[in-house]
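Q:
Protein chains: 2
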Amino acid sequence: MKTDLPRLMQERNLDALVVFGPDGLGPANSPFAYFVGDAHVTMGTVIVKRDGTAYVVHGPMEREEAAKTGMNLISRAAYKFPEILKAKSGNKIAAEVELLKRVMSDIGVSGRVGFYGAEQANLAFNFLNTLIREEVYEVVAEGEDDTISAARVTKDAREAELIRQTCRLTEDVIGATRAFLQSHKVDGETLMKSDGAALTVGDVKRFIRREAATLGLTMHDCIFAIGRDAGIPHSSGTPSDPIMLGRTIVFDIFPSGPGGYHSDITRTWCLGYAPEHVQQAYDLVMQAHDMAEGMFNTADFTYVFNEAVCDLFETNGHRTVRQDFETHSGYMHGLGHGFGLSVHEPPSMSVKGWKPDEKFQPGTIVCNEPGLYDPDDPRGGWGVRIEDDYWFDENGKPHRLTEFDRSLVVQM
Amino acid sequence: MKTDLPRLMQERNLDALVVFGPDGLGPANSPFAYFVGDAHVTMGTVIVKRDGTAYVVHGPMEREEAAKTGMNLISRAAYKFPEILKAKSGNKIAAEVELLKRVMSDIGVSGRVGFYGAEQANLAFNFLNTLIREEVYEVVAEGEDDTISAARVTKDAREAELIRQTCRLTEDVIGATRAFLQSHKVDGETLMKSDGAALTVGDVKRFIRREAATLGLTMHDCIFAIGRDAGIPHSSGTPSDPIMLGRTIVFDIFPSGPGGYHSDITRTWCLGYAPEHVQQAYDLVMQAHDMAEGMFNTADFTYVFNEAVCDLFETNGHRTVRQDFETHSGYMHGLGHGFGLSVHEPPSMSVKGWKPDEKFQPGTIVCNEPGLYDPDDPRGGWGVRIEDDYWFDENGKPHRLTEFDRSLVVQM
Chain W
1 MKTDLPRLMQ ERNLDALVVF GPDGLGPANS PFAYFVGDAH VTMGTVIVKR
51 DGTAYVVHGP MEREEAAKTG MNLISRAAYK FPEILKAKSG NKIAAEVELL
101 KRVMSDIGVS GRVGFYGAEQ ANLAFNFLNT LIREEVYEVV AEGEDDTISA
151 ARVTKDAREA ELIRQTCRLT EDVIGATRAF LQSHKVDGET LMKSDGAALT
201 VGDVKRFIRR EAATLGLTMH DCIFAIGRDA GIPHSSGTPS DPIMLGRTIV
251 FDIFPSGPGG YHSDITRTWC LGYAPEHVQQ AYDLVMQAHD MAEGMFNTAD
301 FTYVFNEAVC DLFETNGHRT VRQDFETHSG YMHGLGHGFG LSVHEPPSMS
351 VKGWKPDEKF QPGTIVCNEP GLYDPDDPRG GWGVRIEDDY WFDENGKPHR
401 LTEFDRSLVV QM
Chain R
1001 MKTDLPRLMQ ERNLDALVVF GPDGLGPANS PFAYFVGDAH VTMGTVIVKR
1051 DGTAYVVHGP MEREEAAKTG MNLISRAAYK FPEILKAKSG NKIAAEVELL
1101 KRVMSDIGVS GRVGFYGAEQ ANLAFNFLNT LIREEVYEVV AEGEDDTISA
1151 ARVTKDAREA ELIRQTCRLT EDVIGATRAF LQSHKVDGET LMKSDGAALT
1201 VGDVKRFIRR EAATLGLTMH DCIFAIGRDA GIPHSSGTPS DPIMLGRTIV
1251 FDIFPSGPGG YHSDITRTWC LGYAPEHVQQ AYDLVMQAHD MAEGMFNTAD
1301 FTYVFNEAVC DLFETNGHRT VRQDFETHSG YMHGLGHGFG LSVHEPPSMS
1351 VKGWKPDEKF QPGTIVCNEP GLYDPDDPRG GWGVRIEDDY WFDENGKPHR
1401 LTEFDRSLVV QM
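Residue numbers (the working numbering), protein chains in the order written: chain W, 1 to 412; chain R, 1001 to 1412.
See below:
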C-alpha cells in the first residue's frame, strides 16, 4: 500500500520516483492514476521524494483539477515551457527533460531516481536516454516488480472499501441483466424482443453498458458470450448471436468504479434449463471454487491453490494447462489474479513455476475463477466459469466481497 | 493513413514496425488500437513488415478475437512461452525479448526495426536495452513524429466515416442532455428535481453517461462545468454544483464510438437567459469560430488561423496566451487539434513558433474551438467555448462534421 513507499524507496535506495502521465492514456495509466486518483489531470508528471512528499507537475489549465489530488502543485506555466522549447530548437523531448531537471532542482531531488508510468515506448526510451546523457541523476528503470507495483500489491482500507463499492455496483448490473433476460418472451428456444426479432448478445451488451453507466461504472467492454463463444475464455461474444435457452452464457464483467478501482466478477447462466453435461461441469467448477476458497491462506505459495484445482479437474477427466499449454478444452487459465486500478495485478494463482514466490498477504485483493470449457463439444460448445473477489484483512483472513447468486439455471 | 506506411517505412529505412500491446492499456494504447481495431485483444504485439504484411502475436485464449483483426496470427502458445521463461530463469523481460526474436526470425524480419505503442516506461526501457544488447537488429526508437503517428495524421475514407458516425451519436447525446435540462422545473433560479432537491452537475453527468453508453459510446469523463468552473477550460465540473439559470455551462464531450474513433464537441449554454457580458463574449467567440472556419485551407501554416483569432480577441480587449502563457482569463488554449483514436492528435493550431511546419492536408480531421474565459469576473465567473469538427476531403476542402445548434440561450 502507499504507506509502504518510503520503506520500499529506502530498501531500493531510491531518492525519488517520477511517474509519467502523458496525454491520452487516462485511467489506463494505472501508476499515474495511483497518485492522481479521480482528478481530471489529462497530462502531468508525479514526483515522490523519499520522505513521502509528492508533487504533481500540471498544465496551467488544469490547476484546479491538479489541486484535487492533494499533492503539491507545480505549474508548467511557472517554468515558461514555451521558452524552454524554443531554447531546445523545438525538440519536445529535450525540452521536457530540461523542464524536469529544473523542477527537480527546485524541489531538491538528486541521486537515484526511478521512472514509472505508461508512455509511448519510443518516447520513453528517448526521454530516459536523453536524461542519462545529462548525467544529473542516476536514472533507474526497474523491472517487473518495481517500487510502485510492489506498493500496489496490497491495498489499504480505503482502497479495499472502494473495491467493495465497485463489487456491489457490479452485482447490481449483473442482477439487472438477469432480470432483463427474464423479462423476455421465449419462442421455441429463442428469447424474443417486443418487435418480434430475436434478442441478441449485442442487445444485452447495450443493456449492460447502460446499466453500468447509470451506476457510474466505466467499462470498455465485458464478456457476454453464448454457446461456442462461452467455450473460449476471452471471447467477448458475437453481437449477432441470438440468446437461446439451454446454452451456457459466460458473463464476465470487470468495470471500474469509485476512485477508478475495478471489480472482476463472472457468472455462468443457462436460461430455462441446463444440459446434463453442462450441469456436471458447473458442479465440478463450483467444487473447485469452494475448495480453493476454503484453502486460501497467507502461508502457502499461491500456485498451491491452482495445483489443487488442476488435480481435481484432471482426476475428473479434464485436460489442464499444466499438462498442455496449448489446450483448447478443459482448464486453460490461472485460478485467479489480483486487481485494483488495473484488472490484472499481482498476485497470480498460476501453474507451478510461473510465479514461484508469491503468497497472499494482509491487504491482498484477488479473484477466484476456476473454469472448464469445450468449444468444440459435438453436443454444442460450452464454457463454465464462476469468479468471486476476496480481500485479506489485516490478520490475513480472506473475506469474500461478492455475494451474487451463483446458480447456473436462470428460471424463465 | 495506413496506406502511407510502406512509403514512410521506405523513406525512414525501416524494415519492420513492432507495436507493443501490453495488458491493461486497452484502447488508450492508440498505436496498438490502430492495428487491432475493435477486436478484444487484451495483450499482444503487432509486427508490420515493409511490404505491408501485418502480424499479431496473441495469447492462446484470444485466438478468435485476434482473428477479427484480419492480420496474420502468431500464437504465443506455439512458441511455448513457459519454456522460454524457464530458460531465462523467470526473467519476464528477457523471455519476451527471446520470444520476439524467434517470431521475427520465423517471419523473416531483420535489419532496422522501429518500436512503438504504450508500455510502462521502465519495462519499455529495459526491453529495448535488452534487445539492443542482443545485436540482432538495429533498434530504432523514433521521436514525436514517428512513423505510426505520421500515418495517423491523415484519415482514410473509412476512418472519416467512423468519426462522422461518432459525431452524429455525440450530437444525439448533446440533444438529449439539453432536453433533459429543459424538462426540469425552475424554482427561482435553480433547476429542481421531482424529489424537491436541486438538479446538480453530478445528476446531469450521470444522465450524459447513461445516454452515451446506450448509444454505444465509451466515455471516461466529460466536461460539464457551470459558472466559475466554466471559466477554467479543463475543469470537468463540480458534481455538487446546482444547475442554475443565467450561468454559463461549458459542455465539452469527446467520447469514442464505432471503431474506437472519437469526436470532440463543445457547446456553451445559458439556461433561460444570458447576461449581457456573456452574450457579448459568445458573439465574439462565434465570430472567431466562423472566421477560422472560413479561413481553413491546406496552403497556410496552421498557426495562421490561431494568430487571426488572437488578433480578433486582443483587438476586442481580451488577453491571449500569445501575450501571456500564464493568463487565467481571456483565451489561453489553442484554436484546435486533430483527433482520431486519441482525443488529441496532430495537427494543432497553436501559438506561432510552437509547431511551425504544420499544414492541413487531404484527410485531416481537426476541431475548431475558440473560447473566452474569466473565472474571477466579479459579476460571476464564466466561460464560453464552441467546438466543431472538420474533415478535409481528398481535394483539401474542409467539411464541417458537426451540425448541432450552437445557440447560447436554452429556452426553459
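Just so it is clear, CB atoms sit at the ideal spot from N, CA and C, and this is done for glycine as well. None of the values given here were measured: they were computed from a predicted structure.
#1: Relative to the alpha-carbon of W:Gly52, which residue among W:Ser110, W:Glu189, W:Leu17, W:Pro60 has its alpha-carbon at the smallest distance?
#2: For the segment 210-230 of chain W against the segment 244-254 of chain W, are there 3 or more C-beta pairs whose distance is under 8 Å?
#3: Would W:Leu5 pass as a contact of W:Val48 if the rule is Cβ separation under 8 Å?
#4: Does R:Asp1144 get closer than 8 Å to chain W when you measure Cβ to Cβ?
#5: Could you tell me how far apart the beta carbons of W:Arg7 and W:Thr147 are, in whole angstroms, since I believe they sit closer than 8 Å?
#6: If the criterion is Cβ atoms closer than 8 Å, does the pair W:Lys155 and W:Ile386 meet it?
#7: Any beta carbon of chain R sitting closer than 8 Å to that of W:Lys155?
#8: Give the single residue among W:Val285, W:Lys205, W:Gly70 whose Cα lies nearest to the Cα of W:Asp221.
#9: Mind checking if R:Arg1206 is an interface residue toward chain W, Cβ cutoff 8 Å exclusive?
#10: Report the residue ranges of all beta strand (DSSP E) runs contained in full by the segment 357-392 of chain W; include only those spanning at least 3 residues, in chain order.
#11: Please report the residue range of the alpha helix (DSSP H) in which R:Lys1092 lies.
#12: R:Glu1369 and R:Gly1336 look like a contact to me (Cβ under 8 Å); what is the Cβ gap, rounded to whole Å?
#13: Short of 6 Å in beta carbon distance, which residues of its chain neighbour W:Phe207, apart from the five on each side in sequence? Order them along the chain.
#14: Are the beta-carbon atoms belonging to R:Pro1233 and R:Val1201 less than 8 Å from one another?
#15: Let me make sure I understand the geometry here. Which of W:Ala28, W:Lys397, W:Asp38 has the alpha-carbon closest to that of R:Asp1023?
#16: Can you tell me the Cα-Cα spacing of W:Val109 and W:Tyr137, whole angstroms?
#17: What residue does the alpha helix (DSSP H) around W:Asn337 start on, and which one ends it?
#18: Any beta carbon from chain R within less than 8 Å of W:Lys92's own beta carbon?
#19: My output table needs one value for W:Arg400: the three-state DSSP class, helix, strand or coil.
#20: Runs of 3 residues minimum, wholly inside the segment 1117-1177 of chain R: which ones carry the beta strand (DSSP E) assignment?
#21: Would a check of beta-carbon distances place W:Thr69 closer than 8 Å to chain R?
#22: Per DSSP, what kind of secondary structure is W:Lys355 in: helix, strand or coil?
#23: If the cut-off is 7 Å on Cβ atoms, which residues from the segment 69-84 of chain W count as contacting chain R, listed in chain order?
#24: Does DSSP classify W:Thr21 as helix, strand or coil?
#25: List the residues of chain R that W:His333 touches, going by C-beta distances under 7 Å, in chain order.
#26: Whole-angstrom Cβ separation of W:Gly383 and W:Thr166, contact assumed at under 8 Å?
#27: Leaving out the 5 sequence neighbours to the left and right, which residues in its chain are closer than 7 Å to R:Met1219 when beta-carbon positions are compared?
#28: With a CB to CB cut of under 6 Å and the five nearest residues on each side skipped, what residues in its chain are close to R:Ala1281?
#29: With 16 as the cutoff for other CB atoms within 10 Å, does W:Met295 come out buried or exposed?
#30: May I have the straight-line CA-CA distance separating R:Val1036 from R:Pro1060, to the nearest angstrom?
#31: List the residues of chain R that W:Gln165 touches, going by C-beta distances under 7 Å, in chain order.
#32: Look up W:Met349 in the DSSP assignment and give the residues it is bridged to.
#33: Exposed or buried, which one is R:Gln1010 when buried takes at least 16 other CB atoms within 10 Å?
#34: Is it true that the CB of W:Met412 sits closer than 8 Å to the CB of W:Gly317?
#35: Going straight from the alpha carbon of R:Asp1117 to that of W:Asp195, what length do you get?
#36: Using CA atoms only, rank isn't needed, just tell me which of W:Arg158, W:Val57, W:Tyr55 is closest to W:Asp393.
A: With the structure as the only source:
#1: W:Leu17
#2: yes
#3: yes
#4: Sequence inspection shows Glu at residue 1144 of chain R; the Asp mentioned does not correspond to that position. Taking Cβ atoms only, chain W reaches closer than 8 Å to R:Glu1144, which makes this a yes.
#5: Between W:Thr147 and W:Arg7 the Cβ distance is about 10 Å, and since that is not below 8 Å, they are no contact.
#6: no
#7: no
#8: W:Lys205
#9: yes
#10: 365-368, 371-374, 382-385, 388-392
#11: 1092-1106
#12: 5 Å
#13: Phe180
#14: no
#15: W:Ala28
#16: 9 Å
#17: According to the sequence as given, residue 337 of chain W is His; it is not Asn. Note, W:His337: premise wrong, no alpha helix (DSSP H); beta strand (DSSP E) at 336-338.
#18: yes
#19: strand
#20: 1118-1120, 1137-1140
#21: no
#22: coil
#23: Ala77, Lys80, Pro82
#24: Correcting the residue type first, residue 21 of chain W is Gly in the shown sequence and not Thr. Note: W:Gly21 maps to strand in three-state DSSP.
#25: Met1061
#26: Incorrect: roughly 25 Å between the Cβ atoms, too far for contact.
#27: Arg1209, Ala1212, Pro1255
#28: Leu1372, Val1384
#29: exposed
#30: 16 Å
#31: None at all; the shortest Cβ gap to chain R is about 16 Å.
#32: W:Gly336
#33: exposed
#34: no
#35: It should be pointed out that residue 1117 of chain R corresponds to Gly in this sequence rather than to Asp. Looking at the two C-alpha atoms, the distance is approximately 44 Å.
#36: W:Arg158
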